[in-house]
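Chains as they are written, first to last, in the numbering used here: chain A, 1 to 566; chain B, 567 to 733. Even glycine gets a Cβ: it sits at the ideal position worked out from N, Cα and C. Nothing here was measured: the structure is a model prediction, and the numbers come from that model. Below: the structure, in structure tokens.
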């Protein structure tokens with residue numbers, strides 16, 4: 001824990017209002033996006049609710065709203081709000097320009113409104129991938145472009161803020177939370193160039209009728225240039241929370257800050273050249289390019305393994321700090337009564353399985369068995385739908401009370417919510433993975449399809465998707481109810497603090513496990529690599545020395561945090 | 567800890583290394599397995615197989631004559647045109663023990679083609695020719711369906727391949 005005195009900028013209220021505004025919009029998006037989710041869950045069980053309760057013009061209109069509202073709007077708005085808050089608290093100084101920050105918010109909000117109107121008017125039933133030559137109303141494309149432009153302005157503000165902090169803190173390591181927030185937005189800004197080019201040069205002129213032809217494969221490739229890294233844009237803020245806030249909530253501290261920084265850097269570099277793994281079955285792209293992208297995807301897997309180790313070791317430390325001994329009984333003393341903890345840890349658990357099924361997707365030809373089947377739906381509900389969503393929900397369980405000064409309306413309800421979402425997700429996603437292996441396609445109104453195969457309909461098949469999905473839907477309602485009642489009805493004052501631990505320096509991972517590892521150093525390989533601190537220094541120095549020669553000068557920005565250190 | 571003394575500062579790095587080495591070994595092993603399957607066992611992905619003008623399909627071979635053509639002993643070419651919301655042809659009969667080269671393209675928007683129980687999984691993109699090869703050794707009915715959203719009738723787009731036992 002930091003020994004420096006905590007002094008926060010005087011005008012904290014301004015960033016509180018900004019973060020609050022982003023979170024309100026994010027929660028409205030989440031609500032809108034999940035009205036159709038129960039329709040879809042029941043559709044997968046063979047029950048057609050679209051005719052009985054016709055709010056939607058088609059299954060696919062609902063599916064577009066669900067996809068765009070959840071993964072493009074809820075996540076993006078939440079991330080912009082949460083990481084702005086994190087930057088301010090980690091650097092202990094206000095954002096460089098509140099005027100820019102609010103202009104950014106309004107640009108993004110206008111974009112959101114345009115997008116949502118186009119979808120609700122059934123003028124943009126193109127799903128969240130909007131592959132041409134299927135056409136949407138220009139407002140849909142322009143709206144999403146404005147949201148993306150907004151995220152670039154968030155980065156601009158972060159960089160200006162960071163530079164000011166650096167000017168007054170020469171030689172100090174960048175606090176990990178600020179480092180992670182910067183990496184998240186730098187990675188995303190580079191990655192979003194693909195979809196920005198697709199929008200500005202292909203889709204918008206074409207949807208306005210200015211050009212008549214469009215290359216569907218080019219559009220798809222540009223989309224996926226952004227479309228895979230975007231999952232790391234959702235994931236990295238969750239990782240920021242796991243690395244820099246969860247340890248304090250759990251009652252310990254981060255096991256290794258060095259490994260955390262290295263994982264962030266690997267995420268930054270290798271998140272980018274992986275998009276073709278969504279296009280393994282596309283004609284017109286050579287097998288060699290696909291294999292190269294498979295290779296890079298596995299490097300990102302390495303970063304995820306580092307994260308898993310680091311977070312698990314952190315939790316183990318926290319359990320031991322509460323007096324646990326032995327191999328596994330550090331798990332019980334963890335704060336299982338704390339919704340902000342439970343929600344995030346359950347999200348992490350599901351992420352392990354989401355990661356494993358993602359490896360099948362990334363595995364070049366293994367993907368032939370699962371591409372565009374329900375397996376994929378199961379996969380991304382475990383990752384963005386569980387790991388990211390449960391983490392963001394867990395964050396709001398402390399952040400909303402902190403911002404409003406009102407205690408969470410019901411801690412017990414929040415615990416029920418987190419666990420029920422977890423159980424629903426397990427039932428839902430496990431079943432979808434199996435149905436995918438049996439050849440059930442994704443994105444298809446199964447309740448009206450003629451090709452439904454008997455093995456999909458068995459008791460442990462389609463009905464379980466409906467049951468699991470409905471549990472998640474109800475859990476989502478409990479979540480919103482709790483947050484709304486916290487803001488409107490809670491009378492208890494909140495007793496929460498921002499769970500940001502002060503950083504203990506760049507090479508901070510010097511917590512000891514007290515003798516458990518005795519003897520490892522006797523292995524020759526470890527003795528050779530032995531040394532750890534020097535090894536890491538060397539690795540980082542190598543990365544640092546190679547990067548200035550690369551074409552991606554923007555990446556260098558991210559290494560600013562190191563430059564006074566190494 | 568071999569000797570008593572002040573706590574050794576480098577100890578957590580042993581854990582880091584103990585974890586990092588398998589973290590490198592696991593993905594590497596998986597990649598090697600993938601490469602062996604692809605280039606040793608010949609489980610290929612669709613690659614570059616030419617282009618075609620989607621407005622001229624009726625004048626461009628082989629798409630002027632969609633359906634099954636025998637091109638050798640036990641060797642057929644199945645030419646498929648996907649359009650909203652049907653496959654052409656919708657049903658074909660093939661003797662078992664045949665090797666079938668699937669050649670597909672789209673007339674309008676992006677479609678897909680999935681034959682559960684086989685390795686056929688194709689994106690069918692207008693302007694591009696998609697190819698896959700499959701051996702039908704077991705008699706039976708194989709369904710295929712469009713697996714990329716192509717409009718409100720997407721779920722109605724499917725067909726079947728009937729593999730008949732050799733007489």
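Item, Value
"Exposed unless 16 or more other CB atoms sit within 10 angstroms - verdict on residue 286/A", "exposed"
"Residue 442/A and residue 374/A closer than 7 Å at C-beta", "yes"
"Through-space distance from residue 484/A to residue 313/A, alpha-carbon basis", "35 Å"
"Distance, residue 79/A Cα to residue 694/B Cα", "38 Å"
"Among 227/A, 393/A, 22/A and 475/A, nearest to residue 241/A - alpha-carbon criterion", "393/A"
"Cβ-based burial, residue 208/A [other Cβ within 10 Å; buried from 16]", "exposed"
"Closest Cα partner of residue 352/A within the set 299/A, 101/A and 387/A", "387/A"
"Against chain B: residues of the region 281–311 of chain A by CB proximity under 8 Å", "281, 282, 283, 284, 285, 286, 287, 290, 291, 294, 295, 298, 299, 301, 302, 305, 306 and 309"
"For residue 292/A, the first and last residue of its enclosing alpha helix (DSSP H)", "287–321"
"Backbone CA spacing between residue 31/A and residue 479/A [nearest angstrom]", "10 Å"
"Which of helix, strand or coil DSSP assigns to residue 664/B", "strand"
"Beta-carbon neighbours of residue 600/B, restricted to chain A and to distances below 8 Å", "294, 363, 364, 365 and 366"
"Backbone CA spacing between residue 283/A and residue 347/A [nearest angstrom]", "36 Å"
"contact_flag[the region 176–186 of chain A, the region 637–652 of chain B] where n(CB pairs < 8 Å) is 3 or more", "no"
"CA-to-CA distance, residue 267/A to residue 297/A, given in whole angstroms", "10 Å"
"Delimiting residues of the alpha helix (DSSP H) encompassing residue 167/A", "138–168"
"Alpha-carbon to alpha-carbon, residue 76/A and residue 147/A", "8 Å"
"N-terminal and C-terminal residue of the alpha helix (DSSP H) that residue 634/B is part of", "Taken as a continuous stretch (DSSP letters only), residue 634/B belongs to no alpha helix (DSSP H), being part of the beta strand (DSSP E) at 633–638."
"Inter-residue spacing [alpha-carbon to alpha-carbon] between residue 619/B and residue 280/A", "23 Å"
"Meets three-Cβ-pair contact criterion under 8 Å: the region 359–368 of chain A and the region 322–334 of chain A", "no"
"Residues, ordered as in the chain, of the region 56–69 of chain A that lie near chain B by beta-carbon distance below 7 Å", "58 and 60"
"Unbroken beta strand (DSSP E) run spanning residue 680/B, endpoints", "677–680"
"Ordered list of alpha helix (DSSP H) runs contained in the region 319–371 of chain A, each at least 4 residues", "339–362 and 367–370"
"Own chain residues within Cβ distance below 6 Å of residue 144/A, not counting five before or after", "115"
"Below-7 Å beta-carbon distance, residue 569/B vs any chain A residue", "Model confidence at residue 569/B stands at a pLDDT of 42, short of 50, so the residue's coordinates are unreliable; what they give is reported in the following sentence. Not one chain A Cβ lies under 7 Å of residue 569/B."
"Partner residues on chain B for residue 439/A, Cβ-Cβ distance less than 7 Å", "680, 682 and 683"
"Amino acids of chain A, ordered along the chain, whose beta-carbon sits closer than 7 Å to that of residue 615/B", "283"
"7 Å Cβ cutoff, residue 713/B in contact with chain A", "yes"
"Chain B within 7 Å of residue 259/A, Cβ atoms only", "yes"
"Inter-residue Cα distance where the pair is residue 728/B and residue 709/B", "9 Å"
"Whether residue 245/A touches residue 499/A by CB criterion (7 Å)", "yes"
"Presumed contact (8 Å Cβ cut-off) between residue 421/A and residue 390/A, rounded CB distance", "6 Å"
"Cβ neighbour criterion (16 or more within 10 Å) applied to residue 607/B", "exposed"
"Below-7 Å beta-carbon distance, residue 649/B vs any chain A residue", "no"
"Member of 288/A, 276/A, 415/A and 61/A whose CA lies at the smallest distance from the CA of residue 601/B", "288/A"
"CB contact check: residue 657/B to chain A, cutoff 7 Å", "no"
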